[in-house]
Each structure stands twice: as structure tokens, then as C-alpha cells.
Amino acid sequence: MELQNKKIAILAENAYEDMELWYPLLRFREAGAEVVVVGPQPGIFESKHGYPVRAEVAADEVSASDFDAFIIPGGYAPDLMRGSEAMISLIRVANQQGKIIAAICHAGWVLASADVLRGKKVTGYHTIKDDLINAGGNYVDREVVRDGNIITSRMPSDLPAFCRTIIAALKE
């Protein structure tokens, strides 16, 4: 169990990209981590394709110090997430604490809203490249980029590299 004693939050909101939430959730549970789905409020959120996930707790009911890592899936959910001050604050504080923050696809929008990209090398889905740059990030087009505690990827096909990089960071 390579991630035993690790606690990971996966953020959820409606219109999440199915694979970008479920692949890490199952992969990290399989590795022994405790994975908690965190939403703007507890309840059911549906993916872009209608697949449900249950957020066990609300972002304002947890503390960044409760977790070792935060994973933000893409899809259109990140655009909704950044409308939640509790979700943005959670990521901002997690960054201040040096927690692993991993964002894939459009999830870079949440990092931009949390103002954690300045001076960081990042990647994301090509259509948000300008947003990442305008938020102070140094954009590169690679399957996964790690700059300190920030890990970013572009799309579902990058998930194996994304998850390997998160696991390596958590094992340090």
C-alpha cells in the first residue's frame, strides 16, 4: 500500500470530466490512500456524461491541513468551482501550506482563481493556455508538469503520467 496513511481530497462539482475524477479516485484508493470527495456542499454531482459522484463534505467543513494532497478534475466543473469562495480558499491555503495540488485539463482555472500560479511552470488543456499565462504561469505543452507542490496535466490521456507524478510527490 504505497499511499497508506495519506489523505487526498478530490474536488467535485457538476459537469466534471468523468475519467479525470474517477481514475485518480480509484487509483489512489487502490494504493491505500484515504480519498475524500469535497464539493461546494455535500451531495450528488453529475459528470459531463451524467455519471454521479457523492461529495461527502463541503469545502467550508474541511481544512487544508486535513489532507496531504488535493486533486482538481477538469471538464466544465472548474468554472463552477471557482464560483465557490470556500473551494478557492481551500486551494489557496493548501498552497500556502505546501500541500500537493494537482489539476488536470480545465482545472487550471481553479489554480488561476486561487492565485497560485505566479512564476510556476504549468500545463493544461490548450484552450486555457492564455488563462494560465495571464495568471502568471509559464505554460508548456507536456503530459504532466510538476513545479514544486503544483502538478498539472492536459487531458484524460495524460492520466497515467498525472497519477504517477502525484504518487511520487506523496512518497517524498
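Everything in the sequence shown is counted per numbering that gives the first Met the number 0, starting at 0 for the first residue and increasing by one. Built from N, CA and C at the ideal position, the CB exists for glycine as well. None of the values given here were measured: they were computed from a predicted structure.
Enclosing beta strand (DSSP E) for residue i [first to last residue]
i	result
R53	51–54
S152	149–152
V34	33–38
E171	Premise fails: E171 is in no beta strand (DSSP E) and is neither H nor E.
Supposed close pair residue i, residue j - CB separation, criterion 8 Å
i	j	result
H105	G74	7 Å
I7	V37	With 8 Å as the limit, I7 and V37 do not qualify as a contact, their Cβ atoms being about 10 Å apart.
L116	A134	4 Å
L2	I99	So it is not a contact: roughly 11 Å between Cβ atoms.
Buried versus exposed, by CB contacts within 10 Å (16 or more), residue i
i	result
A54	buried
G123	buried
P51	exposed
D157	buried
R153	buried
K119	buried
A167	exposed
Element boundaries [alpha helix (DSSP H), containing residue i]
i	result
E19	17–29
TODO: Decide yes or no for the touch test of the segment 21–32 against the segment 74–91: beta carbon pairs closer than 8 Å, at least 3 of them.
DONE: no
TODO: Indicate whether the contact test is met: 3 or more Cβ pairs, each with one atom in the segment 101–119 and one in the segment 34–48, closer than 8 Å.
DONE: no
Open item on the list: Can you confirm whether the segment 58–67 touches the segment 136–145 when touching is taken to mean that 3 or more C-beta pairs between the two stretches lie within less than 8 Å?
Closed with: no
Open item on the list: List, from N- to C-terminal side, the beta strand (DSSP E) runs of 3 residues or more that fit wholly inside the segment 57–85.
Closed with: 68–71
Task: Sequence ranges, alpha helix (DSSP H) only - wholly within the segment 85–164, length at least 4 - done: 107–112, 128–133
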